[in-house]
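J.:
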Amino acid sequence: MSPDLALQLPDGASMRRGFVVNCGGLPIASTWLDKPLSGKNVHYFFVSVISTDLPGPSGLSSTKLDRLSITSFSTYTAGLIIYRFDNLGQSLSPCRHILLDHGAIIELKWLPSSDTNFSLLACVFSDGTAAVIKVTESFLSGPDLYSKLVSSSVQLSLDSESLKILCCTWTSHKTLLVGTTEGCVAEFDITNPSKPLFILPLCVPSVLSMQSDYGTGIFGPEPVPDRSNNILLSSGDLDVLLLDLSNPSQLIEGAKFREPLSNIVYSALINGFIYADGTRSLKFSTVRDSSTNVKLKVYDEAPQCCSCSDYSPLVLAGCANGSVRILNVYQHLGQPLKSSNAGSLRLYKLDVLDSDTEQYRLNLGYSVNKKEELTNEYSAYENAIGVTSCSMCNSPESHNVIGCTYGGGLIVVEVLQSVVQG
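Okay, so the sequence shown: first residue is 1 according to UniProt numbering, each after it adds one.
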């Protein structure tokens, strides 16, 4: 696909469709269900939420954020809210509130699968354990709006007290790779999760985030590999590494980054990894080499989170100053050296009107930026306006469905307007 045939950025603000709700807590992770289990026009948005000690955005100052520290793994009660979004009926409402005893879910990863009857969701909890939840239509449409997760389909943990799980990624249809506090990676067979298949030390302080290139072979009739051995991971010493599980001695070290990297995404369409490293640009690395990367300029404050889809060249980025932007990867990667820089489009921005009375405004005006602004790269912003997570629906029919969460509890869901390919 060439840049002129790629999906273009939307330009008509009058045709926007979406919803804004408040979850009542601090949302820290989110994801869209990757299959239309209840019909092609119905989508489910999973949001991990922890409670605040006080109502409203000011409650963030009294929230025990040390619960999310990689040095504290105590158990506490958190929540998973599932929102039902009906695109045709234009409604967004919570359909399940699930209480969790293992702490907050800090990462959610769907198993890429062509099975239309169920999906498997891997969850990493803040107490250092992980689980796999089987999501079916009956799970989503249960009779109880409020429930408690007593046991998961699969529960994963390591026997050693010093090995706590921090992140995970799927490497095949039945194996899950996890990263730990002591700089080790371990792989579990979810059909026999009593002990890991192997534990591999990497001589790094900790493994904070990881992502494989495992997929379902959506582009072509070639046989789909049974598993993926290509893993891009970030370590506690501010490094990014490309690990080949078939030859772990050949570890490719990338450039250092400025802050702990906790969000790496992969797109089969561009066959590469995208991550935010604390600068005012996202980074793109191929599955073959992490020592070099391409800067995808966001032209805003440093992105905190990003998301992409296997069916779209658009990348979603959430920034600390409340901005949510999309940018076309093909326009960034496919442009000649001397051409004008490809821009990024601001979808919305949360501003502070009055911090004393907790008045905020969600600016829905589009803004396209192609130039560097003379602003400080690191600025202090209220926690309430920071974008804590963003997600794009990873399905061929609904890759234009997006969602993001703010530290103050705000959840924004939007369907990007349909555009005609050139």
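Glycine is no exception: its CB is placed at the ideal position from the N, C-alpha and C atoms.
Since the model is a prediction, treat every value here as computed from it, not as a measurement.
(1) Tell me whether Thr181 is buried or exposed, calling it buried when 16 or more other Cβ atoms sit within 10 Å of its Cβ.
(2) Could you pull the start and end residues of the beta strand (DSSP E) that His399 belongs to?
(3) Who are the Cβ neighbours of Arg84 in its own chain at under 7 Å, not counting the five residues just before and after it?
(4) Select from Val132, Asp354, Ser235 and Leu121 the residue whose C-alpha is nearest the C-alpha of Gln155.
(5) Rounded C-beta distance between Ser30 and Gly403? I'm assuming under 8 Å.
(6) Any idea if Arg325 is buried or exposed, counting beta-carbon neighbours within 10 angstroms, 16 or more meaning buried?
(7) Following the continuous alpha helix (DSSP H) through Ser138, name the residue where it begins and the one where it ends.
(8) Hey, out of Leu33, Ile81, Val21 and Gly24, whose CA is closest to Ser48's CA?
(9) So, are the CB atoms of Tyr360 and Gly407 less than 8 Å apart?
(10) What do you get for Ala380, buried or exposed, if any count of 16 or more other CB atoms within 10 angstroms of its CB means buried?
(11) Could you check what DSSP says for Asn230 in three-state terms: helix, strand or coil?
(12) Which partner residues of Gly179 appear in the DSSP bridge assignment?
(13) If you follow the alpha helix (DSSP H) that Val329 is in, where does it begin and where does it stop?
(14) By Cβ distance, which residues of its chain are closer than 8 Å to Asn293, with the 5 residues on each side in sequence left out?
(15) Using three-state DSSP, classify Ala131 as helix, strand or coil.
(16) With DSSP as the reference, identify every bridge partner of Ser172, one or two as the case may be.
(17) For the candidate residues Gly25, Cys23, Lys35 and Leu26, whose alpha-carbon lies nearest to that of Met392?
(18) Could you pull the start and end residues of the beta strand (DSSP E) that Cys23 belongs to?
(19) Give me the Cα-Cα distance between Gly278 and Pro143, rounded to the nearest whole angstrom.
(20) Smallest Cα separation from Ser235: which of Glu259, Ser212 and Asp213?
(21) Would you kindly work out how many angstroms separate the C-alpha atoms of Pro27 and Phe198, rounded to a whole number?
(22) Could you tell me whether the Cβ atoms of Glu387 and Cys305 are closer together than 8 Å?
(23) By the three-class DSSP mapping on this structure, what secondary structure does Ile385 have?
(24) Give me the Cβ distance between Val298 and Ser281, rounded to the nearest whole Å; I'm assuming they're in contact under 8 Å.
(25) With three or more beta-carbon pairs closer than 8 Å as the criterion, would you say the stretch 134-141 touches the stretch 165-179?
(26) Where does Pro94 sit, in a helix, a strand or coil, going by DSSP?
(27) Mind checking who Ser48 pairs with in its DSSP beta bridge?
(28) Assuming the contact rule is C-beta atoms closer than 8 Å, Ile98 and Ser147 should be a hit. Round their C-beta distance to whole Å, please.
(29) In the DSSP output, what is Ser119 paired with across the bridge?
(30) Please report the straight-line C-alpha distance between Val315 and Glu161, rounded to a whole angstrom.
(31) Would you say residue 475 and Leu251 are within 8 Å of each other, going by their C-beta atoms?
(32) Can you tell me where the beta strand (DSSP E) with Ala317 in it begins and where it stops?
(33) Mapping the DSSP letters down to three states, classify Leu100 as helix, strand or coil.
(34) Could you tell me which uninterrupted beta strand (DSSP E) segments, each at least 3 residues in length, are contained entirely in the stretch 251-325, listed from first to last along the chain?
(35) Whole angstroms is fine: what's the gap from Ile411's alpha carbon to Val21's?
(36) Short of 7 Å in beta carbon distance, which residues of its chain neighbour Asp101, apart from the five on each side in sequence? Order them along the chain.
T.: Looking at the atomic coordinates:
(1) Answer is buried; the Cβ neighbour count reaches 16.
(2) Looking at the DSSP string, His399 is not in any beta strand (DSSP E), and its letter there is neither H nor E.
(3) Around Arg84: Val42, Tyr44, Ser93 and Cys95.
(4) Val132
(5) 6 Å
(6) Its Cβ being crowded by 16 or more others within 10 Å, Arg325 is buried.
(7) Glu137 to Leu140
(8) Ile81
(9) The answer is no: Cβ separation not under 8 Å.
(10) exposed
(11) In this structure, DSSP gives Asn230 an extended state, which the three-state scheme calls strand.
(12) Cys167 and Val185
(13) Val329 to Leu333
(14) Contacts found: Gly254, Ala255, Lys283, Phe284 and Ser285.
(15) Ala131: strand per DSSP, three-state reduction.
(16) For Ser172, which the question treats as bridged, DSSP gives the partners Arg227.
(17) Of the candidates Gly25, Cys23, Lys35 and Leu26, the one whose C-alpha sits nearest the C-alpha of Met392 is Lys35.
(18) Premise fails: Cys23 is in no beta strand (DSSP E) and is neither H nor E.
(19) 43 Å
(20) Glu259
(21) 33 Å
(22) The amino acid occupying residue 387 in the given sequence is Val; Glu does not appear at that position. Contact flag set, yes.
(23) helix
(24) 6 Å
(25) no
(26) strand
(27) Ala29 and Leu80
(28) 6 Å
(29) Residue pairing by DSSP puts Ser119 in a beta bridge opposite Val135.
(30) 38 Å
(31) Because the chain here runs from 1 to 422, residue 475 falls outside it and cannot be looked at.
(32) Ser312 to Cys319
(33) strand
(34) Counting only runs of 3+ residues, the beta strand (DSSP E) found wholly inside the stretch 251-325 occupies 264-267, 272-276, 281-286, 294-297, 303-309 and 312-319, in chain order.
(35) 5 Å
(36) For Asp101, where only same-chain residues beyond five positions count, the Cβ hits under 7 Å are Thr75 and Thr77.
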